[in-house]
Amino acid sequence: MAPTWAVALGGGAARGWVHIGVLQALAEAGLAPQVVCGTSIGAVVGAAYASGNLERLTAWVTSLTKLEVARFFELDFSLRGVVDTDRLRRFLAQHVASEDLDIADLPVRFATVATDMENGREIWLKKGGVLDAVWASIALPGLFPAIRHRGRWLVDGGLVNPVPVSVCRALGAEVVLAVNLNADIVGKHLRRRKAEPGKNGRFPAWITEYAKSVFPGMAADDPPSLFEAVAASVNIIQDRITRSRMAGDPPEVLLAPRLGHLGLLEFHRASEAIAEGRRVAQRAIEELQRLLAADA
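Here the sequence shown is numbered in the numbering used here, starting from 43 and rising by one per residue.
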């Protein structure tokens with residue numbers, strides 16, 4: 043009998059569109075996981091796959107423009123976060139999973155990871171609404187407000203388990219294919235670059251241009267540093283935690299796409315990320331097939 047196998051989809055904001063390419067390549071090879079677990083953006087893509095909406099999500103993200111991405115951000119910089127949560131929730135319900143879809147009704151075993159803000163504990167969301175599980179997992183501090191869920195304040199699962207191999211094991215997976223989005227990221231976006239038209243060296247041009255259109259008095263060479271600080275902090279945390287956890291519980295197959303050129307918030311570059319996901323997955327298919335056949 044073939045072993046139960048899983049995909050563990052890691053966190054990494056816009057770089058997470060890589061997961062779409064990975065899942066596409068696996069499907070084309072006739073490989074369908076029985077267990078799907080995701081952290082942060084991995085929860086988003088994993089939920090779309092598990093609910094049969096991956097094609098719909100793909101069509102939407104590959105059509106995104108810089109301006110459309112910018113519209114998800116509320117540039118008043120409130121104390122709770124800067125993401126337009128109402129708009130994002132509608133997007134998730136339309137392209138990922140409907141509001142009334144329950145995890146128990148999915149054709150695969152599914153779970154997401156969040157962090158209990160009060161005590162730092164890792165929370166596995168494997169029951170209840172699919173969208174609620176995703177919503178809790180993507181609450182990245184500084185961008186999203188914390189989410190109240192069953193008496194707890196939850197934030198992004200990437201703070202405790204960026205690549206949820208352990209969750210896959212707990213759901214019965216004997217073979218795990220994991221996708222680590224942070225393997226070549228740390229420090230990439232803090233290096234000084236030559237000035238380019240429309241860029242200030244610290245933000246993607248579209249953020250600066252959009253912010254300037256809202257706040258005409260903002261100095262072009264002295265923008266707020268919130269996004270860079272969040273990006274650098276998350277990269278460092280996730281890289282260190284992933285290294286530690288992988289050492290103790292390594293997956294059978296590890297994919298480490300090259301994503302150093304993609305920024306944390308460059309969601310409009312989905313086509314590049316998807317292509318890289320397909321590339322790394324195709325190189326691993328033979329090894330995965332061997333593992334599944336060996337235990338059959």
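Backbone N, C-alpha and C fix where the C-beta goes; we use that ideal spot for every residue, glycine too. Remember, predicted model here, so these are calculated numbers, not experimental data.
Is residue 48 closer than 8 Å to residue 87 when the C-beta atoms are compared?
-> Here residue 87 refers to the residue found at position 45 of the sequence shown. Here residue 48 refers to the residue found at position 6 of the sequence shown. Result no, Cβ atoms of residue 87 and residue 48 do not sit closer than 8 Å.
Exposed unless 16 or more other CB atoms sit within 10 angstroms - verdict on residue 284 | For this step, residue 284 is matched to residue 242 along the sequence shown. It is buried - the Cβ of residue 284 has at least 16 other Cβ atoms within 10 Å.
Leaving out five residues before and five after residue 312 in sequence, what residues of the same chain have Cβ atoms less than 7 Å from its Cβ?
-> Counting from one through the sequence shown, the residue named residue 312 turns up at place 270. Close CB contacts of residue 312 within its chain, under the 7 Å cut and outside five residues either way in sequence, are with 59, 103, 104 and 106 (chain order).
Expected contact under 8 Å - CB spacing of residue 71 and residue 316 to nearest Å | Walking along the sequence shown from the start, residue 71 turns up at place 29. Walking along the sequence shown from the start, residue 316 turns up at place 274. Not a contact, Cβ separation roughly 16 Å.
Cα-Cα separation between residue 201 and residue 161, rounded to whole angstroms | Residue numbering aside, residue 201 sits at position 159 when the sequence shown is read from its first letter. Residue numbering aside, residue 161 sits at position 119 when the sequence shown is read from its first letter. Roughly 12 Å between the two C-alpha positions.
Roughly how many whole angstroms lie between the Cα atoms of residue 90 and residue 319?
-> Along the sequence shown, one-based indexing puts residue 90 at 48. Along the sequence shown, one-based indexing puts residue 319 at 277. Near 16 Å, if we compare the C-alpha coordinates of residue 319 and residue 90.
Are the CB atoms of residue 93 and residue 172 nearer to each other than 8 Å?
-> Along the sequence shown, read from residue 1 onward, the residue named residue 93 stands at position 51. Along the sequence shown, read from residue 1 onward, the residue named residue 172 stands at position 130. Annotated as proximal: residue 93 and residue 172, with beta-carbon spacing under 8 Å.
So does the segment 150–170 actually touch the segment 185–205, counting three or more Cβ pairs closer than 8 Å?
-> Result yes; three or more Cβ-Cβ pairs closer than 8 Å.
So residue 128 is in the alpha helix (DSSP H); what residue range does that whole segment cover?
-> The residue you call residue 128 lines up with position 86 of the sequence shown. Its alpha helix (DSSP H) spans residues 127–137.
Short check: CB of residue 145 to CB of residue 108, under 8 Å?
-> Along the sequence shown, one-based indexing puts residue 145 at 103. Along the sequence shown, one-based indexing puts residue 108 at 66. Using a Cβ distance threshold of 8 Å, residue 145 and residue 108 do not count as a contacting pair.
Taking Cβ to Cβ, would you say residue 141 is nearer than 8 Å to residue 218?
-> Here residue 141 is taken as the residue at index 99 of the sequence shown, counted from 1. Here residue 218 is taken as the residue at index 176 of the sequence shown, counted from 1. In this structure, residue 218 does not lie closer than 8 Å to residue 141 by Cβ.
Would residue 331 be called buried (16 or more neighbouring beta carbons within 10 Å of its own) or exposed?
-> Indexing the sequence shown from 1 puts residue 331 at position 289. Per the 10 Å Cβ criterion, exposed.
Classification of residue 57 by the beta-carbon crowding that lies within 10 angstroms, buried from 16 upward | To locate residue 57, count along the sequence shown from 1; it is residue 15. Buried, by the Cβ-count rule.
Sequence-distant residues of the same chain with beta carbon closer than 6 Å to residue 214, five excluded per side = Within the sequence shown, numbered from 1, the residue matching residue 214 stands at position 172. In the same chain as residue 214, and ignoring 5 residues on each side of it, the C-beta atoms closer than 6 Å to its own belong to 46, in chain order.
Put residue 303 into one of helix, strand or coil per three-state DSSP.
-> For the purposes of this step, residue 303 is taken as the residue at position 261 of the sequence shown. Coil, per DSSP.
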